[in-house]
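Each remark here refers to the structure printed beneath this line.
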Amino acid sequence: MVVTRSGRSTRETAKKIKFTDDGEMPEQVEVFSVESTREPEEQPQEESEEESDSDSDEAPEAESISTSKQALIQKQKEQEQLKQDLRKQEREQELPDLLPEEALESDHEEETKKGKHLRSEDFEKEHAAMRKKMKLEKLRLIKEQRKAALNKGPVVVQVQSFNSKKQAPRAEKSILDSKKAWLERASLGKK
Numbered sequence: 001m002v003v004t005r006s007g008r009s010t011r012e013t014a015k016k017i018k019f020t021d022d023g024e025m026p027e028q029v030e031v032f033s034v035e036s037t038r039e040p041e042e043q044p045q046e047e048s049e050e051e052s053d054s055d056s057d058e059a060p061e062a063e064s065i066s067t068s069k070q071a072l073i074q075k076q077k078e079q080e081q082l083k084q085d086l087r088k089q090e091r092e093q094e095l096p097d098l099l100p101e102e103a104l105e106s107d108h109e110e111e112t113k114k115g116k117h118l119r120s121e122d123f124e125k126e127h128a129a130m131r132k133k134m135k136l137e138k139l140r141l142i143k144e145q146r147k148a149a150l151n152k153g154p155v156v157v158q159v160q161s162f163n164s165k166k167q168a169p170r171a172e173k174s175i176l177d178s179k180k181a182w183l184e185r186a187s188l189g190k191k
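Anchor point for the sequence shown: position 174 equals 174 in the UniProt record's numbering, and the numbering is continuous, going up by one each time.
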């Protein structure tokens with residue numbers, strides 16, 4: 001609370017007095033009452049005394065400038081935070097719900113790890129992987145076709161498919177014996 005030299009509080013209505021050009025008070029004094037335009041401060045008197053001591057150290061203009069700077073900086077920080085939140089929300093809305101974010105991140109990491117130059121080791125690894133994959137696929141197809149074979153007495157009946165040109169027929173003991181006998185016949189005269 002501020003008290004004037006006359007001992008009156010500024011919260012009360014003040015009297016306005018008009019002086020002459022010489023600075024003397026005229027004989028016919030007109031008194032106007034003016035209400036204070038300031039809002040009352042609700043601080044205890046002890047705190048205001050402490051503040052008045054600290055106010056004497058710095059100029060009031062400098063203090064008001066620093067507080068306004070701090071308020072401006074705080075506003076800018078809040079605006080930047082709001083912008084970042086909006087950007088995050090936009091990114092989340094832009095991404096489709098089909099792929100999880102982890103898949104996108106792992107894909108991005110692989111791209112950054114790869115170098116620009118092609119290496120023969122990479123080609124060899126890819127080629128070995130492809131060969132292994134092809135072998136496994138062929139074995140799977142052969143197993144499926146053998147399951148489809150039927151035993152009809154001494155004969156194995158197998159339905160041939162048009163795409164199985166790579167597959168050799170199943171070896172039978174009787175056929176192998178007749179082949180061996182034919183190749184090792186006596187009429188050839190080989191010794």
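Where is the CB? At the ideal position from N, CA and C, for every residue including glycine.
Small disclaimer: the values here were computed from a predicted structure and weren't measured.
A straight line joining the alpha-carbon of H127 with that of Q145 spans about 27 Å. When the beta-carbon positions are compared, R170 and V156 come within less than 8 Å of each other. Straight-line measurement puts the Cα of G153 at about 19 Å from the Cα of D177. Annotated three-state conformation of K190 is coil, per DSSP.
K152 is bridged by DSSP to V155. Under the three-state reduction of DSSP, F19 is assigned to coil, being neither helix nor strand. R119 sits in coil when the DSSP states are folded into three classes, being neither helix nor strand.
Per DSSP, A181 is one residue of the alpha helix (DSSP H) stretching across 173-183.
Q81 and K135 have their alpha carbons spaced roughly 58 Å apart.
The DSSP-derived three-state label of R170 is coil. In the structure shown, E63 adopts helical secondary structure according to DSSP, grouped into three states.
With a cutoff of 8 Å on beta-carbon distance, V159 and A148 are scored as near each other.
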